[in-house]
Each structure stands twice: as structure tokens, then as C-alpha cells.
Amino acid sequence: SRSTVSPVQKVIQMLQGMLVKGKEEKHAEEVQFATYQQFCTDVIETKTRDIKVYGDATELLTANVQTAQTAAETLQREMNELDNEVATWQANIKATTGVREVERSDYTAAHQDYSETVDAIT
Numbered sequence: 002s003r004s005t006v007s008p009v010q011k012v013i014q015m016l017q018g019m020l021v022k023g024k025e026e027k028h029a030e031e032v033q034f035a036t037y038q039q040f041c042t043d044v045i046e047t048k049t050r051d052i053k054v055y056g057d058a059t060e061l062l063t064a065n066v067q068t069a070q071t072a073a074e075t076l077q078r079e080m081n082e083l084d085n086e087v088a089t090w091q092a093n094i095k096a097t098t099g100v101r102e103v104e105r106s107d108y109t110a111a112h113q114d115y116s117e118t119v120d121a122i123t
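Numbering (the numbering used here), first residue to last: 2 to 123.
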């Protein structure tokens with residue numbers, strides 16, 4: 002013979018089944034949430050550490066760039082000063098060469114004149 006289950010008992014069984022299933026799903030969601038929350042915590046820690054490390058590196062590199070720019074400006078000024086000195090020296094060489102050519106021409110003329118005079122006397 003079949004045992005008969007009353008409709009109320011059937012509803013109670015269904016509600017108990019739903020309660021068990023709900024608790025299982027809740028537990029599964031809690032585990033999934035805890036896993037995701039741990040992942041987020043780990044990512045936040047990693048990203049925060051990376052931001053600090055890369056921020057420090059950025060500050061160091063910025064300081065290096067500023068130092069290099071200052072050195073480049075100093076070297077540019079020194080190069081301009083040296084270019085001016087070279088231009089002055091080249092102008093002096095040109096002027097001195099001109100004076101030497103005139104003096105050589107005068108010497109050659111005077112030497113020839115003296116040589117001719119000495120030859121004429123002797």
C-alpha cells in the first residue's frame with residue numbers, strides 16, 4: 002500500500018528542500034564572494050605597492066632629467082664661450098698673417114734694394 006502524503010506535508014517537504022538548496026547556494030556564493038574579495042584585496046595591495054615603487058622611480062628619473070638638462074645648459078654655455086674664443090683666435094691669425102705678408106713684402110723690397118745698392122757699389 003502506498004503511504005499517502007498530505008498536501009501540507011508535501012508543501013513542508015518542498016519548503017525544507019528549498020531551504021536546504023537556498024543554504025547550499027548561499028554557502029557557494031559566500032565562498033565565491035570570499036575568493037573574489039581576496040583577489041580584489043591582493044590586487045589592491047599589488048597596485049598600491051606598484052604605484053609607490055613607480056612613483057619613486059618617476060621622481061628619481063625626473064630628478065635625473067633635471068640634472069641632465071642643467072648639465073646640458075652648462076655645456077652649451079661653455080661651448081658658446083669656446084666658439085667665441087676660436088673665432089677670436091681665427092681673426093687674430095688672419096690679422097697677424099696679413100701683417101706678416103706686408104712685413105715680408107717690405108723686407109723683400111728692402112733686401113732687393115740693399116742688394117742692388119751693394120752690387121752697384123762693388
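Think of the CB as a built atom: it goes at the ideal place given N, C-alpha and C, for glycine as much as any other residue.
What number of angstroms, rounded off, separates the C-alpha of residue i from the C-alpha of residue j?
i: Lys53; j: Leu20; result: 48 Å
i: Gly99; j: Ala121; result: 33 Å
i: Leu83; j: Glu102; result: 28 Å
i: Lys11; j: Lys48; result: 54 Å
i: Val44; j: Glu26; result: 27 Å
i: Arg78; j: Asn65; result: 20 Å
i: Asp51; j: Thr59; result: 12 Å
Could you tell me if residue i is buried or exposed, where buried requires 16 or more neighbouring beta carbons within 10 angstroms of its beta carbon?
i: Ser2; result: Residue confidence for Ser2 is low, a pLDDT of 46 falling below 50, so the modelled location carries little weight; the figure read from the coordinates is stated next. That one is exposed.
For the alpha helix (DSSP H) that contains residue i, what are its first and last residues?
i: Val6; result: Per DSSP, Val6 belongs to no alpha helix (DSSP H) and is neither H nor E.
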